[in-house]
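Novice:
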Amino acid sequence: GMNDVRFRSPVFPNQRLVIMAQLARIRAGKRAEFNFQGLVEGNMVFSGQMIGVPIDKNQEIPGTESD
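Note that this note's numbering has the sequence shown beginning at 3, numbered continuously upward.
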């Protein structure tokens with residue numbers, strides 16, 4: 003999920019959007035929290051917090067097929 007998302011200005015076609023994220027907190031195998039920002043020409047256009055469940059890169063994800 004996402005929390006405290008704030009949009010500060012619009013992003014238009016042909017503008018380069020750079021998204022940066024920093025790990026804020028992790029609970030092994032349970033939850034990871036990140037702070038993120040979006041920048042256009044060095045100006046912050048949005049920011050927020052993202053929460054997700056960390057997965058092992060070798061773990062099979064249901065609904066996907068391996069080639």
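Ideal placement from N, C-alpha and C gives every residue a C-beta, glycine not left out.
Would phenylalanine 36 and phenylalanine 9 be called neighbours here (beta carbons separated by less than 7 Å)?
Specialist: Walking along the sequence shown from the start, residue 36 turns up at place 34. Walking along the sequence shown from the start, residue 9 turns up at place 7. Result no, Cβ atoms of phenylalanine 36 and phenylalanine 9 do not sit closer than 7 Å.
Novice: With DSSP as the reference, label phenylalanine 38 as helix, strand or coil.
Specialist: For this step, residue 38 is matched to residue 36 along the sequence shown. Reduced to three states, the DSSP call for phenylalanine 38 is strand.
Novice: Suppose you measure from the CA of phenylalanine 14 to the CA of valine 42; what does that come to, to the nearest Å?
Specialist: By 1-based counting over the sequence shown, the position of residue 14 is 12. By 1-based counting over the sequence shown, the position of residue 42 is 40. Whole-angstrom Cα-Cα distance: 10 Å.
Novice: If you compare alpha carbons, which of Lys32, Ser11 and Arg18 is closest to aspartate 58?
Specialist: The count along the sequence shown starts at 1 and reaches residue 58 at position 56. Residue Lys32 is the option with its Cα nearest to aspartate 58.
Novice: Assuming methionine 52 contacts methionine 22 (C-beta within less than 8 Å), just tell me the rounded distance between them.
Specialist: Numbered from 1 along the sequence shown, position 50 holds the residue referred to as residue 52. Numbered from 1 along the sequence shown, position 20 holds the residue referred to as residue 22. Actually they do not touch by this definition, with Cβ atoms about 12 Å apart.
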